[in-house]
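Peer 1: Structure incoming, see below.
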């Protein structure tokens, strides 16, 4: 119950912060008079309103990911991986988005019609997605895996030798760790951890004391693997055989209740609210407060219950009552309650022929010698495009700064660094060497809090100055600044990026990073760091857009400027790429620009509340989403601006939270050659994609784009792998000879 009320407090706090920050917000342009003043979120299929529903748009993204799992041209183990990614995404959707909607609904005493509609609509959409998931797993993925020598064996599928091995494994490894709890007044319902595997068992007969306890609850030990590989020599099938821990326990359920009859049983899993929160205005030390709060995340209020398909209704009702979950959020599944655990098979299998072909990212020739990185950057900027180009130069930049005797200070923001990081070790090394190291560690990075706390402690022990951002705002900007003493005095070098300083995710997420010594840009970065550590209002920045102060206003201003150009009869063009687009002020500005004749292409990976293609509202706007091998993560904002071709890279999506409740930066790309690269590699190639592209209709549904007529299949990610990666197709010095003007780049 405590977790529920802390979430309500966060809802109230966010509303206060929104109101406070929006006092400086430029009033959005009015919508066309044909639309009502108040625009409620609506379900896909309804064209009468201007905004699409955020939650349902997020679920549409998961439909697109699921489509990757259904695609027979995708390698089989990668199809399994996509299937598991959908499960992980849905977990987070319930932990965060559904939990938030429930809190809003309860806060308004159950009369919030919009929250109620959103909850019902989201539950129904999830039910459809989950049904497709398990049908795909059982009807296609598992049979095809078996055909290829990877067998997931149920109890009935195991031969006599395998059953004997499983029995021995159960007796030696599993049973000693199990603690069945027969429910009675002295044995209350146990605390069940978020997303953990559990069993409910219905019993007949009397217990050892002559009483008729009817229900027992049993937790699966968290220390045991959920996927178990059986010895190859026991199999009568070629290949590798696996079984699930849940199958092992269920096969020997009766052994746990001697003298009782097991009438029925089911595995179950409860998903809880996981939106971690502390009152940052009240605590004295955010890190210490957060450490004490992390444990509570496992016991937030329940938002979803998953049971096996054969679970009797009365047992499911009993669990729903225990967790205070509405029946609309009960999901009966035809398989393991946590499909995501099957990712272990894809990760550990040696069958490389069933996975994507290995890819080696390219490495800019000018940065091959890491010892000369500051010499190179003193002469020119370097643009990196991950994962098609290696993240190693970023590590070399920080590592070189740590060991370079001329470097006197390093400043960096950290949002998601991961549990193991060469980059973080380099910062620790720099501090130990006596350099001035300042690190802004965002402790509230969802699901990375514990790792960030550990890094903060190690950095402080090494002598670094560690601060935790700004109270009430997440520091999401990706910046590193190096100050180096040179013959002409102190010189600044910086790295700015669209993605996290995480070497692992940099292999799987598409992001741009800029290494630069540009005087104006590095001066702005320095001012932002001073702002974050001193909490003083930042001075006037010359080229960087900073949230929550100027970013939203500058985006809207740039959109309106492009609209003014269109109204004057000149070509006007906006292309933007991001993860999510939900901020109403930006969407309204885009609608107005469309009405004024600006051609707008939006590449939005996930949630998009803008409704494209509506006559007199958004007929000049097209929205597409790219879902492929790599997770699209770049944020790029392009404005043609009378052939000035303004290009900004950013850490921020066009969402209210990014523009008003986070510290974010958008930074310009100045060098013409690098502008061409961003335009070509980050935008144009994605507008040409007809393999992994999905186009958003005005009904809120996405439709996969396919080659038409004589068009050849073209995938943006594959093209970038061939262009930027190592191999015979790579050409790292290739110039763009197609020009930069993308007014006609929407072809294909």
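Numbering (the working numbering), first residue to last: 55 to 802.
We put the CB at the ideal spot given by N, CA and C, even for glycine.
1. Here's the rule: buried if 16 or more other CB atoms are within 10 angstroms of the residue's CB, otherwise exposed. What is residue 382?
2. Of the choices 682, 510, 436, 767, whose alpha-carbon is the least far from that of residue 724?
3. Less than 8 Å separating the beta-carbons of residue 120 and residue 208?
4. In this structure, how does DSSP classify residue 413 when only helix, strand and coil are distinguished?
5. Mind checking whether residue 195 and residue 294 have CB atoms under 8 Å apart?
6. Quick check on residue 297: does DSSP put it in helix, strand or coil?
7. Once you ignore the five residues that flank residue 292 on each side, which residues in its own chain have a CB closer than 6 Å to its CB?
8. By the three-class DSSP mapping on this structure, what secondary structure does residue 222 have?
9. By the three-class DSSP mapping on this structure, what secondary structure does residue 272 have?
10. What does a CB cutoff of less than 7 Å around residue 130 pick up in its chain, not counting 5 residues either side in sequence?
11. Could you name each continuous beta strand (DSSP E) segment of 3 residues or more that falls completely within the segment 613 to 675, going from the start of the chain to the end?
12. Decide yes or no for the touch test of the segment 501 to 511 against the segment 448 to 455: beta carbon pairs closer than 8 Å, at least 3 of them.
13. Compare the beta carbon distance of residue 441 and residue 562 with 8 Å and say whether it is the shorter of the two.
14. Name the one or two DSSP bridge partners that residue 701 has.
15. Taking only the alpha-carbon atoms, compute the straight-line gap between residue 76 and residue 714 and give it to the nearest angstrom.
16. Please specify which runs of the alpha helix (DSSP H), each continuous and at least 4 residues long, are wholly inside the segment 122 to 201, giving them in chain order.
17. Please report how far the alpha carbon of residue 490 lies from the alpha carbon of residue 545, in whole angstroms.
18. Would you list, in sequence order, the uninterrupted beta strand (DSSP E) runs of no fewer than 3 residues that lie entirely inside the segment 494 to 566?
19. So, under 8 Å CB-CB, residue 521 and residue 717 are touching, yes? Tell me the CB distance rounded to an integer number of Å.
20. Quick check on the burial criterion: 16 or more other C-beta atoms within 10 angstroms. Buried or exposed for residue 315?
21. Are the beta-carbon atoms belonging to residue 254 and residue 320 less than 8 Å from one another?
22. Exposed or buried, what is residue 576 when buried is set at 16 or more other beta-carbons lying within 10 Å of its beta-carbon?
23. Start and end of the beta strand (DSSP E) containing residue 464?
24. Give the single residue among 372, 512, 312, 574 whose Cα lies nearest to the Cα of residue 597.
25. Using DSSP with H/G/I as helix, E/B as strand and the rest coil, what is residue 814?
26. Name the residue from 128, 142, 744 whose alpha carbon lies nearest to the alpha carbon of residue 762.
27. In terms of residues, what are the limits of the beta strand (DSSP E) holding residue 353?
28. In the DSSP output, which residue or residues are listed as bridge partners for residue 721?
29. Excluding five sequence neighbours on each side, which residues of the same chain lie with their C-beta closer than 7 Å to the C-beta of residue 769?
30. Please state the DSSP three-state secondary structure of residue 715.
Peer 2: Concretely, from the data shown:
1. On the chain shown, position 328 is the one that residue 382 refers to. The residue in question, residue 382, is exposed, as its Cβ has fewer than 16 Cβ neighbours within 10 Å.
2. Along the chain shown, read from residue 1 onward, the residue named residue 724 stands at position 670. Per the Cα distances, 436.
3. On the chain shown, residue 120 is found 66 positions in, with the first residue counted as 1. On the chain shown, residue 208 is found 154 positions in, with the first residue counted as 1. Contact annotation: residue 120 and residue 208 have beta-carbon atoms that are not nearer than 8 Å.
4. Numbered from 1 along the chain shown, position 359 holds the residue referred to as residue 413. Residue state for residue 413 is assigned as coil, using DSSP reduced to three classes.
5. Within the chain shown, the letter at position 141 stands for residue 195. Within the chain shown, the letter at position 240 stands for residue 294. No, the pair does not count as a contact, with Cβ atoms beyond the cut-off.
6. For the purposes of this step, residue 297 is taken as residue 243 along the chain shown, with counting starting at 1. Looking at residue 297 - three-state DSSP - the assignment turns out to be strand.
7. By one-based count along the chain shown, residue 292 stands at place 238. The answer, listed in chain order, is 203.
8. Within the chain shown, residue 222 is the residue found at index 168, counting from 1. In the structure shown, residue 222 sits in a helix (DSSP, three-state: H, G or I).
9. As a working note, residue 272 is residue 218 in the chain shown. It is a strand residue.
10. As a position in the chain shown, residue 130 is number 76, starting the count at 1. Short of 7 Å from the beta carbon of residue 130, and not among the five residues preceding or following it, lie these beta carbons of its own chain, in chain order: 198, 199, 202, 408.
11. Every beta strand (DSSP E) stretch that sits fully inside the segment 613 to 675 and reaches 3 residues is listed by chain position as 627 to 632, 653 to 658.
12. Segments in contact, no.
13. The sequence position of residue 441 within the chain shown is 387, counting from 1. The sequence position of residue 562 within the chain shown is 508, counting from 1. Yes. Within cutoff.
14. As a first step, residue 701 is located in the chain shown; it is residue number 647 there, counting from the start. For residue 701, DSSP records a beta bridge to 692.
15. For this step, residue 76 is matched to residue 22 along the chain shown. For this step, residue 714 is matched to residue 660 along the chain shown. Caution is warranted here: a pLDDT of 35 is assigned to residue 76, below 50, making its placement in the model unreliable, and the coordinate value is therefore given only provisionally. Counting only the Cα atoms, residue 714 lies some 8 Å from residue 76.
16. Secondary structure in the segment 122 to 201: the alpha helix (DSSP H) runs of 4 residues or longer, each lying completely within the stretch, are 130 to 146, 153 to 161, 167 to 190, 196 to 201 in chain order.
17. Along the chain shown, one-based indexing puts residue 490 at 436. Along the chain shown, one-based indexing puts residue 545 at 491. Annotation: residue 490 to residue 545 spans about 15 Å, alpha carbon to alpha carbon.
18. The beta strand (DSSP E) runs of length 3 or more contained entirely in the segment 494 to 566 are, from start to end of the chain, 519 to 521, 533 to 540, 543 to 551.
19. Position 467 of the chain shown holds residue 521. Position 663 of the chain shown holds residue 717. With a Cβ gap of about 12 Å, residue 521 and residue 717 do not count as contacting.
20. Along the chain shown, read from residue 1 onward, the residue named residue 315 stands at position 261. Counting every other CB atom within 10 Å of its CB across the protein chains shown gives residue 315 a total below 16, marking it as exposed.
21. Here residue 254 is taken as the residue at index 200 of the chain shown, counted from 1. Here residue 320 is taken as the residue at index 266 of the chain shown, counted from 1. Result yes, Cβ atoms of residue 254 and residue 320 sit closer than 8 Å.
22. Locating residue 576 in the chain shown gives position 522, counting from the first residue. Here residue 576 is buried: its Cβ has 16 or more other Cβ atoms, across all protein chains shown, within 10 Å.
23. The residue labelled residue 464 in the question sits at position 410 within the chain shown. Counting along the chain, the beta strand (DSSP E) containing residue 464 begins and ends at 461 to 468.
24. Here residue 597 refers to the residue found at position 543 when the chain shown is read from its first residue. The shortest Cα separation from residue 597 among 372, 512, 312, 574 belongs to 574.
25. Outside the shown range of the chain, which is 55 to 802, sits residue 814, and nothing can be said about it.
26. The sequence position of residue 762 within the chain shown is 708, counting from 1. Taking only the C-alpha atoms, the option nearest residue 762 is 744.
27. Here residue 353 corresponds to residue number 299 of the chain shown, with the count starting at 1. Looking at the DSSP string, residue 353 is not in any beta strand (DSSP E), and its letter there is neither H nor E.
28. Mapped onto the chain shown, residue 721 falls at position 667. In DSSP, residue 721 forms a bridge with 703.
29. Looking up residue 769 in the chain shown gives position 715. These residues qualify, in order along the chain: 682, 743, 745, 746.
30. Residue numbering aside, residue 715 sits at position 661 when the chain shown is read from its first letter. Of the three classes helix, strand and coil, the one that applies to residue 715 here is coil, per DSSP.
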